[in-house]
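This report concerns only the one structure given below.
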């Protein structure tokens, strides 16, 4: 239960989806539950596969906002109208293996390279002998006799696969520092895999899955072929409009922020609708960090660079999901449509940074109109620093830059949502203490538990795999714990500030009962004591304050600190699986995909989300629930069975595991959902 001083806060809602490849099926189930609960968010963030799912949910909210008002005012009617859109999205997810995102057919790239490697005449002992000799730091120029047969065999194989002796000599001559790298690249190019597992010319296959019309998922898809032909007259739905931009969502009050990792700089950037005014605000606040020397000033993985422009929605999602090695890095030019007026500013910025006169003109206008205290002198000083300090310009993207998976280094996934809400508070001139952020975070890693017997005497392989599993889960869950720590400090700070204000009021009453001379002495003693304890901005005000104004100055300073210096309060709602039955790259049956596991993940994500929403909303005081909370709670109670919420924690946990879903028309209900019939 929250403290009383948080009851009147305005509520903002954020939704965070993390990465995990095929594990994104669980997030699809989460979205199904949010649809049933009528849940909407002010800011949606994601990385990797979470970025693709984020864009779908933003599209879902966008289309929902287009419904007639009388439909939107009926929660059950809205669910019925949007149900086919969600079922089409689930159908698209379950069709992924048939789309051969990673082509593992016998005649595909992987099949061909497998067949070619089978023809290699080198055996394992020869390969080991070569590798051991090559990595020997004391290796001489002339190989020992037992290595020569393997070298001759390798040379013969390379000549055949790299295009003959002339091509091999060219590779060695042109790449003296690293001929092995070029040889491997030349070999993989024979199969279209020199840059990625999915050839760049086949890159459209992933976007097609989510931008081409799909029919809603039907019960026969779950027991038969997922891609069975549709009967005559079945309506199809586009999952994400391929022409949609992030501005389209923003104009409907849905901010979408997706992380991407710049291959050149190694830094996280935000794909979001960032206007020139927003970019200038960001520079005024953060440019000093970009110009600071040393990586500790701008650590990898938790600083998010804001780039101006209006990205294409599906391209922004695909850019964030560039799983290294599977997809080729994504070019910055493909993110921002040329037809978008706002992207003209970015095109000039990419080409010449701040040297372009038109860029300077727009930055000046945004700078001078963005703050009452802005002057031409301040602009000239700041702009000169931004323009001339090389470290600042180098952090921003340049023409030709490419991106890899944002989830690879995004170790604080909640930050994008929290930053957005903070920025909105600052722009509106509000106080952070008047706003609370309900942040739903989806984690795709179950806690890697191990029974006592298996933990007793692990082998080398088991220790390595166990450590990697713990690392992956800890990276994501620690972020939510950081938010909890910040909240605790914020609550303590607010409580102390309010206690100080109460003491000041009592002090006023006491001074009013003293004779004037004693009251003057008490005020003077208080001012001297505050000089020794407080920071310089208050000390200066106390110097100028009259005798009767000391308490007012202290009270005003306290109010200012409470309004602007405390951290934003964030309620984290964690959604995570108890088990994870799929692995990251299990997109086809050869790679480990199983339809029953995919269906299990979707239903698990749905059930876990309804349970988490029920717990979160039931534990709030009634006065802390706004209109959306109350509507969501009513729907969640309807689907979970309108039973009274148990009082004891143990009973609550049992209830959340054993509840039965009342939405019997759901296609998963009878045979596929653990909470169904």
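In the numbering used here, the protein residues as written are 1 to 677.
Quick reminder that beta carbons are idealized off the backbone N, C-alpha and C, glycines included.
- [ ] Would you kindly work out how many angstroms separate the C-alpha atoms of residue 664 and residue 31, rounded to a whole number?
- [x] For the purposes of this step, residue 664 is identified with residue 664 of the chain shown, where counting begins at 1. For the purposes of this step, residue 31 is identified with residue 31 of the chain shown, where counting begins at 1. Between residue 664 and residue 31, the alpha-carbon positions lie close to 18 angstroms from each other.
- [ ] Check whether the stretch 329-344 touches the stretch 418-427, counting contact only when three or more Cβ pairs, one atom from each stretch, lie closer than 8 angstroms.
- [x] No, the stretch 329-344 is not in contact with the stretch 418-427.
Task: Per-residue burial, residue 48 [other beta carbons within 10 Å of its own, 16 or more giving buried] - done: The residue you call residue 48 lines up with position 48 of the chain shown. It counts as buried.
- [ ] Quick one: which unbroken alpha helix (DSSP H) runs of 4-plus residues sit fully inside the stretch 101-157? Chain order, please.
- [x] The stretch 101-157 contains these whole alpha helix (DSSP H) runs: 109-118 and 124-134.
Task: Top-ranked residue by Cα proximity to residue 569, from 576, 431 and 575 - done: Residue numbering aside, residue 569 sits at position 569 when the chain shown is read from its first letter. Scanning 576, 431 and 575 for the CA closest to the CA of residue 569 turns up 431.
Open item on the list: Under DSSP, the alpha helix (DSSP H) around residue 283 begins and ends at which residues?
Closed with: Residue 283 sits at position 283 when you count from the first residue of the chain shown. For residue 283, the enclosing alpha helix (DSSP H) has its first and last residue at 276-290.
TODO: Assign residue 350 to buried or exposed, taking buried as 16 or more other Cβ atoms, counted over all protein chains shown, within 10 Å of its Cβ.
DONE: Looking up residue 350 in the chain shown gives position 350. Residue 350 comes out buried.
- [ ] Answer yes if the stretch 169-187 comes into contact with the stretch 90-106, meaning at least three C-beta pairs across the two stretches below 8 angstroms, and no otherwise.
- [x] Contact fails: fewer than three Cβ-Cβ distances are below 8 angstroms.
Task: Proximal residues to residue 139 (C-beta, below 8 angstroms), its chain only, five neighbours per side dropped - done: Residue mapping note: residue 139 aligns to position 139 of the chain shown, counting from 1. Cβ neighbours of residue 139 beyond the five flanking positions: 133.
Task: Cutoff 7 angstroms; reference residue 67; Cβ partners in own chain excluding five residues on either side - done: Here residue 67 refers to the residue found at position 67 of the chain shown. Taken in chain order, the residues that qualify are 78 and 81.
Task: At least 3 beta-carbon pairs within less than 8 angstroms: the stretch 113-123 vs the stretch 608-622 - done: Contact between the stretch 113-123 and the stretch 608-622 is absent, because fewer than three Cβ pairs lie under 8 angstroms.
Task: Segment limits, beta strand (DSSP E) that includes residue 435 - done: Locating residue 435 in the chain shown gives position 435, where the first residue counts as 1. 435-442 is the span of the beta strand (DSSP E), which, as asked, contains residue 435.
Task: Top-ranked residue by Cα proximity to residue 111, from 603, 58, 70 and 192 - done: Your numbering for residue 111 matches position 111 in the chain shown. Out of 603, 58, 70 and 192, 192 has the C-alpha closest to the C-alpha of residue 111.
Open item on the list: Taking contact to mean 3 or more Cβ pairs, one atom from each stretch, closer than 8 angstroms, check whether the stretch 41-57 and the stretch 8-27 are in contact.
Closed with: Taking 8 angstroms as the limit for Cβ pairs, the verdict is that the stretch 8-27 does touch the stretch 41-57.
TODO: Taking all protein chains shown into account, decide if residue 44 is buried (16 or more other Cβ within 10 angstroms of its Cβ) or exposed.
DONE: As a first step, residue 44 is located in the chain shown; it is residue number 44 there, counting from the start. Residue 44 is buried by the Cβ-count criterion.
Task: Nearest candidate by alpha-carbon position, reference residue 679, set 359, 330, 355 and 354 - done: Given a span of 1 to 677 for the chain in the structure shown, any question on residue 679 remains unanswerable.
- [ ] Compare the Cα-Cα distances from residue 384 to each of 581, 463, 591 and 355 and report the closest residue.
- [x] Position 384 of the chain shown, counted from the first residue, corresponds to residue 384. When only C-alpha atoms are compared, the closest one is 355.
Open item on the list: Distance check for residue 108 and residue 651, CA to CA, integer angstroms please.
Closed with: Walking along the chain shown from the start, residue 651 turns up at place 651. Walking along the chain shown from the start, residue 108 turns up at place 108. Cα-Cα distance, rounded: 54 angstroms.
Open item on the list: For residue 718 and residue 42, which I take to be in contact (beta-carbon distance under 8 angstroms), what is that distance rounded to the nearest angstrom?
Closed with: Residue 718 lies beyond the range of the chain shown here (1 to 677); nothing can be said about it.
- [ ] Look up residue 547 in the DSSP assignment and say whether it is helix, strand or coil.
- [x] The residue labelled residue 547 in the question sits at position 547 within the chain shown. Since pLDDT at residue 547 reaches only 46, below the 50 mark, its modelled position is unreliable, and the value read off the structure follows with that caveat. If DSSP states are grouped into helix, strand and coil, residue 547 belongs with the helices.
Open item on the list: Taking its Cβ as the centre, do 16 or more other Cβ atoms sit within 10 Å of residue 54, making it buried, or is it exposed?
Closed with: The residue labelled residue 54 in the question sits at position 54 within the chain shown. It is buried - the Cβ of residue 54 has at least 16 other Cβ atoms within 10 Å.
TODO: Would you check if the distance between the CB atom of residue 246 and the CB atom of residue 256 is smaller than 8 angstroms?
DONE: In the chain shown, residue 246 corresponds to position 246, counting from 1. In the chain shown, residue 256 corresponds to position 256, counting from 1. The Cβ atoms of residue 246 and residue 256 lie closer than 8 angstroms to each other.
TODO: With a floor of 3 residues, list each beta strand (DSSP E) that falls wholly inside the stretch 229-265, ordered by position along the chain.
DONE: Entirely contained in the stretch 229-265, the beta strand (DSSP E) runs reaching 3 residues are, in chain order, 255-262.
TODO: Pick out whichever of 422, 155, 249 and 205 has its Cα sitting closest to the Cα of residue 311.
DONE: The residue you call residue 311 lines up with position 311 of the chain shown. Nearest option by C-alpha distance: 249.
Open item on the list: Can you tell me whether residue 311 is helix, strand or coil according to DSSP?
Closed with: Within the chain shown, residue 311 is the residue found at index 311, counting from 1. Looking at residue 311 - three-state DSSP - the assignment turns out to be coil, as it is neither helix nor strand.
TODO: Decide if the stretch 89-98 is in contact with the stretch 217-225; the criterion is three or more beta carbon pairs, one per stretch, under 8 angstroms apart.
DONE: Output reads yes: the stretch 217-225 touches the stretch 89-98.
Open item on the list: So, with DSSP's three-state summary, where would you put residue 13?
Closed with: Residue mapping note: residue 13 aligns to position 13 of the chain shown, counting from 1. Correct three-state label for residue 13: strand.
TODO: Could you tell me which residues DSSP puts in a beta bridge with residue 432?
DONE: As a first step, residue 432 is located in the chain shown; it is residue number 432 there, counting from the start. Residue 432 is not bridged to any residue.
Open item on the list: Assuming the contact rule is C-beta atoms closer than 8 angstroms, residue 695 and residue 244 should be a hit. Round their C-beta distance to whole Å, please.
Closed with: Residue 695 cannot be examined here, being either before or after the span of the chain that is shown, 1 to 677.
- [ ] Could you give the DSSP three-state label for residue 212: helix, strand or coil?
- [x] As a working note, residue 212 is residue 212 in the chain shown. Looking at residue 212 - three-state DSSP - the assignment turns out to be coil, as it is neither helix nor strand.
Open item on the list: On a Cα-Cα basis, can you pick out the residue from 588, 222 and 280 that is closest to residue 670?
Closed with: Locating residue 670 in the chain shown gives position 670, where the first residue counts as 1. Of the candidates 588, 222 and 280, the one whose C-alpha sits nearest the C-alpha of residue 670 is 222.
Task: Terminal residues of the beta strand (DSSP E) in which residue 372 lies - done: Within the chain shown, numbered from 1, the residue matching residue 372 stands at position 372. Per DSSP, residue 372 is not a residue of any beta strand (DSSP E), being assigned neither H nor E.
Open item on the list: Between which residues of its own chain and residue 599 is the CB-CB distance below 8 angstroms, once the five residues before and five after are set aside?
Closed with: Within the chain shown, numbered from 1, the residue matching residue 599 stands at position 599. So the list reads 94, 222, 668 and 672, once near-sequence residues are dropped.
Task: Option nearest residue 417 by Cα separation, candidates 516, 631, 633 and 303 - done: On the chain shown, position 417 is the one that residue 417 refers to. When only C-alpha atoms are compared, the closest one is 303.
Task: Collapsed DSSP secondary structure at residue 268 in the structure displayed - done: Counted from its first residue, the chain shown places residue 268 at position 268. Looking at residue 268 - three-state DSSP - the assignment turns out to be strand.
Open item on the list: Looking at the secondary structure, which residues open and close the beta strand (DSSP E) in which residue 304 lies?
Closed with: Position 304 of the chain shown, counted from the start, is the residue given in the question as residue 304. From DSSP, the beta strand (DSSP E) with residue 304 extends over 304-306.
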